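Enquirer:
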Amino acid sequence: MASDELRDYYYDFGPNEAKSEFITHLGTMSYTVDIGENVRLLALNDDQSGDGGAGFSEAHFQWIEAQIAEAKRDGKILIGMEHHLLIAHVHPLVFGGGTCVKDREMVASRLADAGLRYMFVGHSHIQCIDTFTSKKGNSITEVNVGSLVGYPAPIVNVTVCDDGLKIDVDHVESFTFEGR
Numbered sequence: 000m001a002s003d004e005l006r007d008y009y010y011d012f013g014p015n016e017a018k019s020e021f022i023t024h025l026g027t028m029s030y031t032v033d034i035g036e037n038v039r040l041l042a043l044n045d046d047q048s049g050d051g052g053a054g055f056s057e058a059h060f061q062w063i064e065a066q067i068a069e070a071k072r073d074g075k076i077l078i079g080m081e082h083h084l085l086i087a088h089v090h091p092l093v094f095g096g097g098t099c100v101k102d103r104e105m106v107a108s109r110l111a112d113a114g115l116r117y118m119f120v121g122h123s124h125i126q127c128i129d130t131f132t133s134k135k136g137n138s139i140t141e142v143n144v145g146s147l148v149g150y151p152a153p154i155v156n157v158t159v160c161d162d163g164l165k166i167d168v169d170h171v172e173s174f175t176f177e178g179r
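Quick note: the sequence shown uses numbering that gives the first Met the number 0, first residue 0, plus one each step.
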């Protein structure tokens, strides 16, 4: 499937209710959608920054920063999600260079300094929760959601509280399938 066909393919699973959307230079989209009374999702396509690495172009960053500001004005807890990691949880020799967004510290700093507090990612398939703090002292918590095909399969439970998110991880230690 071509990149510019993804919006239509996934339309009924979020984009149809988007408050705002940004179409990237590849024809893919990022969007915001309210997923609860006080919660807004910032669904980001980080496939390419425009200079060959995962991340965001300057125009995309400006749209993201506007969405962060709007969610704050609207009194919404904003939860970001993207494919690639912001934080290298394991040494780069283990993963190679394509697991994180390009210029990850700059990207994480820019998001944190704009006011984004939470980012859910998944590219590495390893369950890990970590926090990055920018030089200005602003923090973003990254929840790297593990794969359900690994053992023990992680299940991330998120509770929305007045002051942010409470995140707990349970693990499926065993299960029964067809009597076994």
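A virtual CB, placed ideally from N, CA and C, is assigned to each residue, including glycine. Here the structure is a predicted model, which means the values were calculated and not measured.
Thinking just about the alpha-carbon of each residue, which of Gly-79, Asp-73 and Arg-103 is nearest to the one in Leu-85?
Expert: As a first step, residue 85 must be located in the sequence shown, where it is residue number 86. Considering only alpha carbons, the answer is Arg-103.
Enquirer: When the distance is taken between beta carbons, is Arg-109 closer than 9 angstroms to Phe-60?
Expert: Position 61 of the sequence shown holds residue 60. Position 110 of the sequence shown holds residue 109. In contact: Phe-60 and Arg-109 (Cβ atoms closer than 9 angstroms).
Enquirer: Give the single residue among Lys-135, Ile-67, Arg-179 and Asp-129 whose Cα lies nearest to the Cα of Ile-166.
Expert: Position 167 of the sequence shown, counting from 1, holds the residue named residue 166. Among Lys-135, Ile-67, Arg-179 and Asp-129, the Cα nearest to that of Ile-166 is on Asp-129.
Enquirer: When the Cα of His-24 is compared with those of Val-32, Pro-14, Asp-3 and Tyr-30, which residue comes out closest?
Expert: As a working note, residue 24 is residue 25 in the sequence shown. The shortest C-alpha separation from His-24 is found at Asp-3.
Enquirer: Could you compute how far the alpha carbon of Ala-111 sits from the alpha carbon of Gly-178?
Expert: Taking the first residue of the sequence shown as position 1, residue 111 is located at position 112. Taking the first residue of the sequence shown as position 1, residue 178 is located at position 179. Their backbone Cα atoms lie some 48 angstroms apart in a straight line.
Enquirer: Confirm, please, whether the CB-CB distance from Glu-69 to Ser-199 is below 9 angstroms.
Expert: Because the chain spans 0 through 179 in this model, residue 199 falls outside it and cannot be assessed.
Enquirer: Give a yes or no on whether the minimum CB-CB distance between Ala-68 and chain C is below 9 angstroms.
Expert: Structure shown: chain C not included; a single protein chain is present.
Enquirer: If you reduce the DSSP assignment to three classes, tell me which class Asn-143 lands in.
Expert: In the sequence shown, the residue the question calls residue 143 occupies position 144. Strand.
Enquirer: Out of Asp-73, His-122 and Val-32, which one is the CA nearest neighbour of Ser-146?
Expert: Position 147 of the sequence shown, counting from 1, holds the residue named residue 146. Comparing Cα-Cα distances from Ser-146 to each of Asp-73, His-122 and Val-32, the minimum goes to His-122.
Enquirer: Just checking my contact of Asp-33 with His-83 at CB under 8 angstroms: how many whole Å lie between their CB atoms?
Expert: The residue given as residue 33 occupies position 34 in the sequence shown. The residue given as residue 83 occupies position 84 in the sequence shown. Between His-83 and Asp-33 the Cβ distance is about 25 angstroms, and since that is not below 8 angstroms, they are no contact.
Enquirer: Please state whether the Cβ-Cβ distance between Gly-114 and Ile-67 is less than 9 angstroms.
Expert: Here the question's residue 114 lines up with position 115 in the sequence shown. Here the question's residue 67 lines up with position 68 in the sequence shown. Cβ distance < 9 angstroms, so Gly-114 and Ile-67 count as in contact.
Enquirer: Who pairs with Thr-132 in a beta bridge, going by DSSP?
Expert: Walking along the sequence shown from the start, residue 132 turns up at place 133. Thr-132 pairs with Ser-138.
Enquirer: Please go through the same chain and pick out, in chain order, the residues whose beta-carbon is closer than 6 angstroms to the beta-carbon of Asp-169, but skip the five residues on each side of it.
Expert: The residue labelled residue 169 in the question sits at position 170 within the sequence shown. Answer for Asp-169: Ile-154, listed in chain order.
Enquirer: If we ignore side chains and look at the alpha-carbon of each, how far apart do Ala-107 and Phe-131 end up?
Expert: Locating residue 107 in the sequence shown gives position 108, counting from the first residue. Locating residue 131 in the sequence shown gives position 132, counting from the first residue. The straight-line gap from Cα to Cα measures roughly 7 angstroms.
Enquirer: Which parts of the stretch 45-92 are runs of the alpha helix (DSSP H), unbroken and 4 residues or longer, counting only runs that do not cross its ends?
Expert: Entirely contained in the stretch 45-92, the alpha helix (DSSP H) runs reaching 4 residues are, in chain order, 57-72.
Enquirer: Indicate the three-state DSSP secondary structure (helix, strand or coil) for Tyr-9 in the structure shown.
Expert: Taking the first residue of the sequence shown as position 1, residue 9 is located at position 10. Three-state result, Tyr-9: coil.
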